[in-house]
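> I am attaching a structure below and will ask some questions about it afterwards.
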Amino acid sequence: MRLPKGFAEWGLVVGTALVAMFTALALVGEALVGQRAVSNIVVVDGKVYEVPPLLPPGSSLTIGGREFAFIMGTDQLGRDVFARVVGGARFVLTVAFLSTVISAVVGTILGLLSGYIGGLFDRALSLVMDSMYAFPGLILAIAIAALLGVGVLNISLAIAVVYIPSYYRMVRGVVLSLKSAPFVEAAVVAGASSWSIVTRHILPNVVPQIVSLLPVSFADAIITEAGLTFLGLGIEPPTPDWGFDLNKGRQFFLAGYWWIGVFPGLMIILSVLGFLLVGESLNELLNPRKVEA
Amino acid sequence: MSRAMSGAEALRVEDLRVYYPLRRTLGEVLLRRQRFLRAVDGVTLSIPEGTTLALVGESGSGKTTVARAVVGLVKPTGGRVLLWGRDVSALSDRELKEVRRAVQMVFQDPSVSLNPRMRVGDQVKYPLDVNRIGTPEERRSMALEALRTVGLTPPEEFYSRYPHQLSGGQRQRVAIARAIVLKPRLLIADEPISNIDVSARAQILELLKGLREKMGLSMLYITHDLSSAWVIADTVAVMYLGKLVEHGPVEEVFSNPHHPYTKALLQAVPSLDRREAGSEVVRLKGEIPDPLNMPSGCRLHPRCPLATEKCMREEPPAVKAGENHWVYCHLYA
Amino acid sequence: MSLLRVQDLWVRYRTRRGVVEALSGVSLSVEEGEVLGVVGESGSGKSTLGLAIIRLLPGSAEVRGSVLLNGKDLMSLPEEELRRIRGREVSMVFQDPYSSLNPVMRIGDHFVELMMEHGAAATREEALEIAGELLERLGVPRSRLNDYPHQLSGGQRQRVAIGLALALKPRLVIADEITTALDALVERQIIDLVKEIKREYKTSMLFITHNMGLVAEVADRVAVLYAGRLAELGEVHEVVSNPLHPYTEALLRSVPRIGGSKDLKPIPGEPPDMRNPPPGCRFHPRCPLATDRCRRKEPPLVERGGRLVACHVRG
Chain A
1 MRLPKGFAEW GLVVGTALVA MFTALALVGE ALVGQRAVSN IVVVDGKVYE VPPLLPPGSS
61 LTIGGREFAF IMGTDQLGRD VFARVVGGAR FVLTVAFLST VISAVVGTIL GLLSGYIGGL
121 FDRALSLVMD SMYAFPGLIL AIAIAALLGV GVLNISLAIA VVYIPSYYRM VRGVVLSLKS
181 APFVEAAVVA GASSWSIVTR HILPNVVPQI VSLLPVSFAD AIITEAGLTF LGLGIEPPTP
241 DWGFDLNKGR QFFLAGYWWI GVFPGLMIIL SVLGFLLVGE SLNELLNPRK VEA
Chain B
1 MSRAMSGAEA LRVEDLRVYY PLRRTLGEVL LRRQRFLRAV DGVTLSIPEG TTLALVGESG
61 SGKTTVARAV VGLVKPTGGR VLLWGRDVSA LSDRELKEVR RAVQMVFQDP SVSLNPRMRV
121 GDQVKYPLDV NRIGTPEERR SMALEALRTV GLTPPEEFYS RYPHQLSGGQ RQRVAIARAI
181 VLKPRLLIAD EPISNIDVSA RAQILELLKG LREKMGLSML YITHDLSSAW VIADTVAVMY
241 LGKLVEHGPV EEVFSNPHHP YTKALLQAVP SLDRREAGSE VVRLKGEIPD PLNMPSGCRL
301 HPRCPLATEK CMREEPPAVK AGENHWVYCH LYA
Chain C
1 MSLLRVQDLW VRYRTRRGVV EALSGVSLSV EEGEVLGVVG ESGSGKSTLG LAIIRLLPGS
61 AEVRGSVLLN GKDLMSLPEE ELRRIRGREV SMVFQDPYSS LNPVMRIGDH FVELMMEHGA
121 AATREEALEI AGELLERLGV PRSRLNDYPH QLSGGQRQRV AIGLALALKP RLVIADEITT
181 ALDALVERQI IDLVKEIKRE YKTSMLFITH NMGLVAEVAD RVAVLYAGRL AELGEVHEVV
241 SNPLHPYTEA LLRSVPRIGG SKDLKPIPGE PPDMRNPPPG CRFHPRCPLA TDRCRRKEPP
301 LVERGGRLVA CHVRG
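So, in structure tokens, the structure goes:
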């Protein structure tokens with residue numbers, strides 16, 4: 001093992017660290033912090049206490065003999081901001097993951113079919129996809145989210161729809177260029193069926209492109225999700241969520257209670273940064289732009 | 001020297017035509033007119049079983065299109081393709097599949113005719129997978145055998161490599177291995193050495209010749225390089241802008257060329273000893289015209305120093321120039 | 001004094017997968033009015049040689065040695081001086097007739113830009129007049145000056161590229177595989193043109209190709225490169241009829257010739273991986289005459305009967 005060299009390698013290391021941290025948070029976070037993210041009620045030795053709201057970061061409180069630390073303070077309802085931030089990770093990343101998977105799978109399948117079958121089917125589908133692609137993403141997501149209502153699946157679907165065209169276009173492009181590639185013709189001459197050609201020749205050559213798009217589209221999904229929840233769509237309080245909290249925090253910012261919104265906002269930035277770093281560095285390392293002699 | 005084993009013909013192409021419809025202008029759409037690019041315009045030739053025909057020409061000659069029509073990548077617009085006497089258009093899907101298995105192709109550029117993300121062994125085995133021949137173990141050993149046959153030894157080592165780990169010559173060998181693994185009877189080689197280094201070309205040519213002997217193959221060898229045609233072919237057919245201009249036994253045609261185009265091609269070859277084939281130097285004017293603006297009559301007439309008025313009006317007939325040697329030119333009619 | 005004297009030229013490229021030594025100490029010269037053919041395959045370094053001389057190698061290339069043009073070392077000149085020399089004293093014609101011309105500039109404008117930049121013409125009209133004459137001499141109708149490159153055929157584009165290379169009457173023209181991308185008959189036309197230019201203008205040329213036959217027709221002397229090193233250098237007809245270096249000999253024997261033997265003798269083995277070339281004589285893994293010494297020690301370039309050859313056995 002050697003030290004990372006150059007921007008791309010460092011980017012990959014840092015990005016992967018961030019992604020790993022957020023994944024860990026998403027997986028175990030909520031279990032760790034539990035109730036403190038959704039309510040300000042705390043039970044100690046059977047006695048019920050309420051955590052005061054708007055405590056600044058770094059405060060600690062002794063409740064019923066036990067010491068409670070609020071490293072990020074509490075929000076306007078007395079809930080632990082740190083707990084909300086950690087709990088929010090689960091929601092956000094789950095939504096981002098689901099929507100990325102859905103859009104990748106659907107986009108790829110449609111792109112494969114469209115590119116390979118061609119003809120009127122391709123023309124019609126391309127038209128639809130291009131229109132969707134041209135439409136401002138967030139607005140489209142808002143429209144669909146408003147239609148579908150709240151819930152993890154619904155908001156994931158809303159976001160997925162926005163990114164299907166990206167995968168579609170990319171896959172279709174690769175398929176079109178590969179369709180006339182000599183090694184595909186060689187397969188035809190050998191007597192291969194369309195299914196065989198698509199699965200054994202086209203798909204393996206499409207996968208690397210998809211893989212390089214995934215991290216970036218994941219990051220995009222996070223931002224879109226934050227945007228939707230910021231506007232109050234797709235989520236039902238008191239579910240912790242960064243975008244939602246960012247909006248709430250906005251209202252309290254001017255009054256001086258900056259920690260309610262800033263910490264969730266920071267999480268959005270860091271998580272997006274992590275995924276983008278991974279995506280871009282991977283891209284740079286696998287498809288270097290430097291000219292080889 | 002003729003290597004014909006029986007009187008049978010592996011391939012016969014009769015009046016083959018491949019026309020590509022061109023994008024129409026608005027005017028043409030309104031007038032219901034359709035222009036065509038006549039890539040192959042009435043080509044008749046045959047390959048006796050066990051022999052090799054070199055199809056020679058420059059860009060736009062249609063030679064590659066003929067190959068693609070024979071192997072089924074392109075559908076003929078007219079004429080017939082007969083494989084071992086059977087008209088491919090008259091066969092059922094199943095019969096066609098069977099016949100086509102016996103015709104395989106080696107493409108020009110091995111860096112694109114091989115899947116960059118598939119191991120060498122899997123690619124050579126692939127035609128067997130696709131046609132469900134034998135068990136997976138048998139397929140693997142057949143693929144190894146094919147690799148050994150083309151000189152990639154030890155085959156196990158090459159089996160697990162990827163194309164980019166091989167040299168150009170080795171990649172072409174892999175492509176050849178893939179083409180012979182189904183034990184075809186007719187091999188179409190489309191400019192198999194044009195994209196290969198000079199020192200590897202001889203290896204590939206000798207390999208093809210060796211395979212031909214070993215497997216009793218008939219071969220259609222497409223090239224723009226006459227010297228390689230000399231070395232590998234029994235008969236040669238010269239094409240220009242979609243039509244045949246001359247064909248016959250390779251020794252005959254190369255030592256006694258009749259058509260001005262054939263003469264010009266032979267004289268164009270840079271040679272170490274400047275031997276001019278034929279007594280006079282034939283230099284053609286200009287360059288290959290735009291195939292969308294095909295000259296009338298004999299396609300060569302705008303460039304031919306010996307062109308007459310007849311050449312401009314009428315297409316030249318086939319004239320016998322020797323034993324099995326035919327030329328399409330008014331000068332000899 | 002030779003017109004061009006390349007001395008101990010080393011070129012290394014830094015690639016992602018390792019360092020490639022494209023040229024390892026190549027020395028040669030081109031005399032006034034002569035055509036030196038440079039023959040080699042891919043990996044031989046022949047194109048690198050041409051680019052190194054005219055200083056057009058990519059930035060990632062490491063170059064050592066000297067290139068003396070009329071006694072001036074091109075390696076030590078600053079970029080502005082090089083810009084004046086390129087086109088004026090030494091010019092280059094490339095393989096691809098499509099890429100050496102700017103697709104959005106008319107043919108005439110290519111000449112105007114070139115000539116006015118170097119002060120060879122004072123006005124646009126003057127430049128076009130000279131260009132028109134030159135093109136006619138090269139077999140391209142003067143009217144083509146108004147056309148864009150895509151309107152010309154491949155052969156015409158190459159003639160234009162040759163015209164641009166000759167426009168400023170340079171002392172040395174480097175031709176890098178200028179006919180490889182052309183059809184057979186057009187190739188013949190260009191070769192005849194090159195021979196005519198040689199006769200009329202007496203321009204010195206470095207003619208790079210992989211085709212021995214071409215070199216025999218066009219060149220006076222030939223340098224055979226293998227894996228970045230000079231294998232043999234001598235009068236072209238002598239080298240071709242009586243090759244000394246085993247590589248030259250094997251190469252000549254493996255090339256098909258119409259009317260010759262139909263049984264080719266291929267060179268065994270594969271071209272070397274230039275990231276890790278064989279030790280000693282780089283041809284030894286494929287050489288029928290290889291001895292132990294060949295495997296260990298690099299053969300020196302010695303003179304043998306008016307020729308230079310780098311071989312332990314034959315030299």
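Protein chains in written order, with my numbering: chain A, 1 to 293; chain B, 1 to 333; chain C, 1 to 315.
The beta carbon of each residue, even a glycine, is placed where N, CA and C say it ideally should be.
Values in this document were obtained by computation on a predicted structure and should not be read as measured data.
Give me the subset of the stretch 142-157 of chain C whose CB atoms are less than 9 angstroms from a CB atom of chain B, sorted by chain position.
Cβ contacts with chain B: S153, G154, G155 and Q156.
> Taking only the alpha-carbon atoms, compute the straight-line gap between L185 (chain C) and L125 (chain A) and give it to the nearest angstrom.
When rounded, the distance between both Cα atoms is 47 angstroms.
> Could you check whether the Cβ of A189 (chain B) sits closer than 8 angstroms to any Cβ belonging to chain C?
No, because no Cβ of chain C sits closer than 8 angstroms to the Cβ of A189 (chain B).
> Would you say M267 (chain A) and G65 (chain A) are within 8 angstroms of each other, going by their C-beta atoms?
No, the pair does not count as a contact, with Cβ atoms beyond the cut-off.
> Output the distance between the C-alpha atoms of V253 (chain B) and A161 (chain C), rounded to the nearest integer angstrom.
Using only the alpha carbons, I get a separation of about 36 angstroms.
> Closer than 7 angstroms, Cβ to any Cβ of chain A: which residues of the stretch 124-135 of chain B, in chain order?
Per Cβ criterion, the list reads Y126, P127, V130 and N131.
> Is Q7 (chain C) helix, strand or coil when you go by DSSP?
Residue state, collapsed to three classes: strand.
> Report buried or exposed for D292 (chain C), applying the criterion of at least 16 other Cβ atoms within 10 angstroms of its Cβ.
Answer is exposed; the Cβ neighbour count stays below 16.
> Is K125 (chain B) near R139 (chain B), with beta carbons less than 8 angstroms apart?
Yes, they are a contact pair.
> Does the structure place the stretch 66-74 of chain B close enough to the stretch 255-265 of chain B that three or more beta carbon pairs sit under 8 angstroms?
No, they do not touch.
> Starting from the Cα of N293 (chain B), find the closest Cα among B:G248, B:G242 and B:E309 and give me that residue.
Of the candidates B:G248, B:G242 and B:E309, the one whose C-alpha sits nearest the C-alpha of N293 (chain B) is B:G242.
> Short check: CB of L225 (chain C) to CB of A219 (chain C), under 8 angstroms?
Cβ distance not < 8 angstroms, so L225 (chain C) and A219 (chain C) don't count as in contact.
> So within the stretch 219-302 of chain B, which uninterrupted beta strand (DSSP E) runs reach at least 3 residues, ignoring any that extend past its ends?
With a minimum length of 3 residues, the continuous beta strand (DSSP E) runs that stay inside the stretch 219-302 of chain B are 235-240 and 243-249.
> Kindly list, in the order they appear in chain B, the residues whose Cβ is closer than 9 angstroms to that of A181 (chain A).
Chain B residues near A181 (chain A): V112, S113 and N115.
> Only counting runs of 3 or more residues, tell me where the beta strand (DSSP E) segments fall wholly within the stretch 43-74 of chain A, in order along the chain.
Counting whole runs of 3 or more residues, the stretch 43-74 of chain A contains the beta strand (DSSP E) stretches 47-50, 59-63 and 66-70.
> Let me make sure I understand the geometry here. Which of A:I269, A:P215 and A:D220 has the alpha-carbon closest to that of E280 (chain A)?
For the residues A:I269, A:P215 and A:D220, the minimum Cα distance to E280 (chain A) belongs to A:P215.
> For M105 (chain B), would you say it is in contact with chain A, using Cβ-to-Cβ distances shorter than 8 angstroms as the test?
With 8 angstroms as the cut-off, M105 (chain B) counts as an interface residue toward chain A.
> Cα separation between F22 (chain A) and V272 (chain A)?
Going by the C-alpha atoms only, they are around 10 angstroms apart.
> When Cβ atoms are compared, which residues of the stretch 220-235 of chain B fall closer than 9 angstroms to chain C?
Flagged, chain order: H224, D225, L226, S227, S228, A229, W230, V231 and I232.
> Kindly identify the DSSP beta-bridge partner or partners of G18 (chain C).
Beta-bridge pairing links G18 (chain C) to C:T15.
> What is the DSSP secondary structure of K179 (chain A), reduced to helix, strand or coil?
Reduced to three states, the DSSP call for K179 (chain A) is helix.
> Ordered along the chain, which non-local residues of its own chain (more than five positions away) have a Cβ less than 6 angstroms from that of R307 (chain C)?
Cβ within range, chain order: G234.
> With H, G and I counted as helix, E and B as strand and the rest as coil, what does DSSP make of V99 (chain B)?
Here V99 (chain B) sits in helix by DSSP.
> Less than 8 angstroms between the C-beta atoms of V174 (chain B) and L152 (chain B), yes or no?
Their beta carbons are under 8 angstroms apart, which means V174 (chain B) touches L152 (chain B) by this criterion.
> Give the straight-line distance between the Cα atoms of V38 (chain C) and F207 (chain C), rounded to the nearest whole angstrom.
V38 (chain C) and F207 (chain C): Cα-Cα distance of roughly 6 angstroms.
> Keeping to the same chain, check which residues put their C-beta closer than 7 angstroms to that of G269 (chain C); ignore five residues upstream and five downstream.
Only P285 and R286 meet the Cβ criterion.
> Compare the C-beta of I54 (chain C) against all C-beta atoms of chain B and say whether one is closer than 8 angstroms.
No, I54 (chain C) lies away from the interface with chain B (no Cβ there is under 8 angstroms from its Cβ).
> Throw me the rounded Cβ distance for the A310 (chain C) and L301 (chain C) pair, which I believe falls under 8 angstroms.
That pair is a contact at about 5 angstroms.
> Just tell me which of B:S271, B:I133, B:P249 and B:L244 has its CA closest to the CA of G60 (chain B).
It is B:L244.
> Can a CB atom of chain F be found closer than 8 angstroms to the CB of R257 (chain C)?
The structure shown contains no chain F; the protein chains it does contain are A, B and C.
> Entirely within the stretch 34-76 of chain C and at least 4 residues each: give me those alpha helix (DSSP H) ranges in chain order.
Segments of the alpha helix (DSSP H) lying fully in the stretch 34-76 of chain C: 46-53.
> What are the start and end residues of the alpha helix (DSSP H) that includes G119 (chain A)?
Its alpha helix (DSSP H) spans residues G119 to A134.
> Classify G168 (chain B) as buried or exposed, calling it buried when 16 or more other Cβ atoms lie within 10 Å of its own Cβ.
By the neighbour-count rule (16 or more Cβ atoms within 10 Å), G168 (chain B) is buried.
> In the DSSP assignment, find the alpha helix (DSSP H) that holds W10 (chain A) and state where it starts and stops.
Start and end: G6 to V33.
> In the structure shown, what three-state DSSP assignment does L140 (chain A) receive?
Three-state DSSP puts L140 (chain A) in a helix.
> Using a Cβ cut-off of 8 angstroms (strictly closer), state whether Q108 (chain B) contacts chain C.
So no, Q108 (chain B) is outside the interface.
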